[in-house]
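Numbered per the working numbering, the sequence shown spans residues 359 to 526.
See below for the structure under consideration.
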Amino acid sequence: MRNEDTNKSPVCTICGTEDFSDCGHLVADLDVTFFECEGGALSDKFHDFVDILETAFSSSVNQGQNFQTNFGFYQAHINELWRSVDNHAEGGSEDVVGDGSIFFGLIATLLLDAGANEYLGPVVIDGGPGCSSACRLFFSEAPENTVTEMYNLLATTFTNATAATSSN
Ligand SMILES: [Zn+2]
Numbered sequence: 359m360r361n362e363d364t365n366k367s368p369v370c371t372i373c374g375t376e377d378f379s380d381c382g383h384l385v386a387d388l389d390v391t392f393f394e395c396e397g398g399a400l401s402d403k404f405h406d407f408v409d410i411l412e413t414a415f416s417s418s419v420n421q422g423q424n425f426q427t428n429f430g431f432y433q434a435h436i437n438e439l440w441r442s443v444d445n446h447a448e449g450g451s452e453d454v455v456g457d458g459s460i461f462f463g464l465i466a467t468l469l470l471d472a473g474a475n476e477y478l479g480p481v482v483i484d485g486g487p488g489c490s491s492a493c494r495l496f497f498s499e500a501p502e503n504t505v506t507e508m509y510n511l512l513a514t515t516f517t518n519a520t521a522a523t524s525s526n
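Pasting the structure below:
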């Protein structure tokens, strides 16, 4: 992994070490080419974020709503994600990360809003031909708390949306 501009190893934005997989500050190592969460506190909880979107999307399908409702700050991301999921007409919801670029855009926004610092790349992992990937690295003083805060931000978004829909 290297900073494509400087050819140096990326460093933790909190403590400055190159050994950032062990310093305890890594919130997320997002592979934004192959759309995988490769490390950090978020990787253990990553499926929770898929689950909350699946649940919201499938309940919306069951209630016959389209998703053009009030999702507050994340509205654009979530609406775009909703439109990218092509199987929701049949009530399927297993493919909420179908468009990885939108899903990872939402995750990155949540990371920053929850207070994570992003290492300013560009960061690449060199692979074989066609296998190099771009990464985004996020750090904080207390990564587990940051992930909890991310989850609360997203959960609150859906709670508020449900309340707004119910009161109509
Ligand atoms: Zn660190």
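By construction, the Cβ of each residue, glycine as well, lies at the ideal position given by its N, Cα and C atoms.
As the structure is a computational prediction, the values presented were derived from the model and not from experiment.
Would you report the Cα separation of residue i and residue j, rounded to the nearest angstrom?
| i | j | result |
| --- | --- | --- |
| residue 404 | residue 360 | 24 angstroms |
| residue 516 | residue 502 | 22 angstroms |
| residue 369 | residue 495 | 9 angstroms |
| residue 506 | residue 402 | 12 angstroms |
| residue 390 | residue 379 | 18 angstroms |
Leaving aside the five residues before and after residue i along the sequence, list all residues of the same chain whose C-beta is less than 7 angstroms from its C-beta, in chain order.
| i | result |
| --- | --- |
| residue 510 | none |
| residue 363 | 480 |
| residue 468 | 508, 511, 512 |
So what's residue i in DSSP terms, helix, strand or just coil?
| i | result |
| --- | --- |
| residue 499 | coil |
| residue 369 | coil |
| residue 380 | coil |
| residue 385 | strand |
| residue 396 | strand |
| residue 391 | coil |
| residue 608 | Any property of residue 608 remains undetermined from this structure, which presents the chain solely from 359 to 526. |
| residue 452 | With a pLDDT of only 48 at residue 452, under the threshold of 50, the placement of this residue in the model should not be trusted; the figure read from the coordinates follows. Residue state, collapsed to three classes: coil. |
| residue 374 | coil |
Counting C-beta neighbours from all protein chains within 10 Å, is the total for residue i 16 or more, i.e. buried, or is it exposed?
| i | result |
| --- | --- |
| residue 377 | exposed |
| residue 398 | buried |
| residue 392 | exposed |
| residue 493 | buried |
| residue 504 | buried |
For residue i, which residues does DSSP report across the bridge?
| i | result |
| --- | --- |
| residue 340 | Residue coverage of the chain in this structure runs from 359 to 526, which leaves residue 340 outside it and unanswerable. |
| residue 360 | 482 |
| residue 475 | 497 |
Residues in the same chain with beta-carbon distance under 6 angstroms from residue i, minus the five sequence neighbours each way, listed in chain order, please.
| i | result |
| --- | --- |
| residue 426 | Residue confidence for residue 426 is low, a pLDDT of 48 falling below 50, so the modelled location carries little weight; the figure read from the coordinates is stated next. Counting only Cβ-Cβ distances below 6 angstroms, and skipping sequence neighbours, we find nothing. |
Can you list, in chain order, the residues of its chain with a C-beta nearer than 8 angstroms to that of residue i? Leave out the 5 residues immediately preceding and following it.
| i | result |
| --- | --- |
| residue 381 | 370, 372, 373, 375 |
| residue 460 | 435, 438, 439, 442 |
With a threshold of 7 angstroms (Cβ to nearest heavy atom), would residue i be considered close to ligand 3?
| i | result |
| --- | --- |
| residue 392 | Among the ligands modelled here, namely ligand 1, ligand 3 does not occur. |
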